[in-house]
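Comments concern the structure below.
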Amino acid sequence: MVGSGVTGVEFVHMFSAFGAKVTLIVSRQQVLPQKDPEVAAVLEDDFIKRGVRLFKGARAEGIDLTADAVSVRCDDGRVATGSHVLLCIGSMPNSEGMGLEDLGIELDGGYVVVDHNCRSTLSHVYAAGDLSGKLPLSSVASMQGRKIAEHALGLHAGPHRHLDYEKAASAIFTDPEIADVGLAEADAFAVGRKVRVTKVPFSASAKALINDDPRGFVKIVSDPATGVVLGGSIVGQHAAELISVIALAVTAGLKVIDLAESILVHPALAEALSDAAE
Ligand SMILES: Cc1cc2nc3c(=O)[nH]c(=O)nc-3n(C[C@H](O)[C@H](O)[C@H](O)COP(=O)(O)OP(=O)(O)OC[C@H]3O[C@@H](n4cnc5c(N)ncnc54)[C@H](O)[C@@H]3O)c2cc1C
Numbered sequence: 015m016v017g018s019g020v021t022g023v024e025f026v027h028m029f030s031a032f033g034a035k036v037t038l039i040v041s042r043q044q045v046l047p048q049k050d051p052e053v054a055a056v057l058e059d060d061f062i063k064r065g066v067r068l069f070k071g072a073r074a075e076g077i078d079l080t081a082d083a084v085s086v087r088c089d090d091g092r093v094a095t096g097s098h099v100l101l102c103i104g105s106m107p108n109s110e111g112m113g114l115e116d117l118g119i120e121l122d123g124g125y126v127v128v129d130h131n132c133r134s135t136l137s138h139v140y141a142a143g144d145l146s147g148k149l150p151l152s153s154v155a156s157m158q159g160r161k162i163a164e165h166a167l168g169l170h171a172g173p174h175r176h177l178d179y180e181k182a183a184s185a186i187f188t189d190p191e192i193a194d195v196g197l198a199e200a201d202a203f204a205v206g207r208k209v210r211v212t213k214v215p216f217s218a219s220a221k222a223l224i225n226d227d228p229r230g231f232v233k234i235v236s237d238p239a240t241g242v243v244l245g246g247s248i249v250g251q252h253a254a255e256l257i258s259v260i261a262l263a264v265t266a267g268l269k270v271i272d273l274a275e276s277i278l279v280h281p282a283l284a285e286a287l288s289d290a291a292e
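All residue numbers for the sequence shown refer to the working numbering, where the first residue is 15 and numbers rise by one.
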């Protein structure tokens, strides 16, 4: 596998679960380079336990085919050989040759430039989904479609909330699952924003212990002055479900105390959320 972004790691997880021997070529020093390093570390541990070979800090330079194998040459001299190679190194828009620009629809690198209502520079033409150059997620595409329908029907005359891509939750379907939403600790750090970060490992969760899977953690990022929940990450079982609670808090502007004082089911994995908030 060349590429350790979301799609790359999901395929590595899938093929290694099938029992295939997988080598993952990671151009940086961390799988999932866009994600929280602590999150990536849990996944790397799991890959290593499954016998996945990680070529970190290696960029694929070329591919050589023989009669029964394919080899990927890396810039640091390492070579990975196997039956197949999968390239998961990005995507590009498929808008060329449609004459969009001739109609007055502005493109940026092939993506349709849209405003907050997903309207292109040609006012009665909208763009939803990956082609809008926003967050390439099905959930985002579908919400954009809903917003476009409302706008086109004039339902936006009154007060309404604009799409806020920074508050979109996303998940990576590996084992353990990974999910996050809103402001990440590393991003806050990069822009010098003060945040409070609290983390609770699933090893402290009764339900995770009952399930015999205490891997991972819940992390909540909040504003130290107001207590407003700004984001969070979850690694562990059902992370894609559990992140919904933090996503709701981020969208609704809830405070950590709202999560901490919610009386949740015991035993449940979600208790780790209120514990982290507490
Ligand atoms: C491996 C993988 C896993 C993913 N997993 C997730 C996930 O778990 N959760 C998630 O939220 N997102 C996931 N995504 C992202 C998600 O698939 C995309 O964000 C989503 O499909 C975008 O929807 P879309 O309608 O913009 O584009 P697409 O789903 O790509 O649909 C575009 C459609 O338009 C058609 N088309 C293209 N050109 C023309 C033309 N000229 N005329 C007519 N039709 C045309 C195409 O054939 C296609 O059917 C994943 C993506 C990949 C690649």
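Backbone N, C-alpha and C fix where the C-beta goes; we use that ideal spot for every residue, glycine too.
Inset, instruction - Could you spell out where the alpha helix (DSSP H) holding residue 35 opens and where it closes? - result: Segment: none, residue 35 is in no alpha helix (DSSP H) and carries neither H nor E.
Inset, instruction - Using 7 Å as the cut-off, classify the Cβ of residue 29 as near or not near the heavy atoms of ligand 1, replying yes or no. - result: no
Inset, instruction - Report, in whole angstroms, the separation of the C-beta atoms of residue 126 and residue 134, which I expect to be a contact under 8 Å. - result: 5 Å
Inset, instruction - Could you tell me the boundaries of the beta strand (DSSP E) in which residue 231 lies? - result: 231-236
Inset, instruction - Tell me whether residue 215 sits in a helix, a strand or coil according to DSSP, three-state version. - result: strand
Inset, instruction - Confirm the yes/no value for this check: CB of residue 145, any heavy atom of ligand 1, distance under 7 Å. - result: yes
Inset, instruction - Could you say if the stretch 217-236 and the stretch 156-172 meet the contact criterion of at least three C-beta pairs nearer than 8 Å? - result: no
Legend entry - residue 256: CB within 7 Å of a non-hydrogen atom of ligand 1: no
Inset, instruction - Given a cut-off of 8 Å, decide if residue 29 and residue 36 are closer than it, judged by their beta-carbon atoms. - result: yes
Inset, instruction - Determine, using beta carbons only, whether residue 77 and residue 84 come nearer to each other than 8 Å. - result: yes
Legend entry - Rounded C-alpha distance that separates residue 241 from residue 206: 18 Å
Legend entry - Same chain, Cβ closer than 6 Å to residue 260, neighbours up to 5 away in sequence not counted: 195 and 246
Legend entry - Cβ-Cβ distance between residue 264 and residue 244 below 8 Å: yes
Inset, instruction - Using only alpha-carbon positions, find the residue among 269, 250, 221 and 255 that is nearest to residue 238. - result: 269
Inset, instruction - Starting from the C-beta of residue 252, find all residues in its chain whose C-beta is less than 8 Å away, skip the five residues before and the five after it, and write them out in chain order. - result: 191 and 283
Legend entry - Within 8 Å, strictly: CB atoms of residue 188 and residue 52: no
Legend entry - Candidates 80, 153, 226 and 97: closest to residue 250 by CA position: 226
Inset, instruction - Locate the beta strand (DSSP E) running through residue 95, then write down its first and last residues. - result: 93-96
Inset, instruction - For residue 133, name the three-state secondary structure that DSSP assigns. - result: strand
Legend entry - Opposing strand residues paired with residue 88 [DSSP bridges]: 74
Inset, instruction - Determine the extent of the beta strand (DSSP E) in which residue 277 is found, giving its start and end residues. - result: Taken as a continuous stretch (DSSP letters only), residue 277 belongs to no beta strand (DSSP E), as it is neither H nor E.
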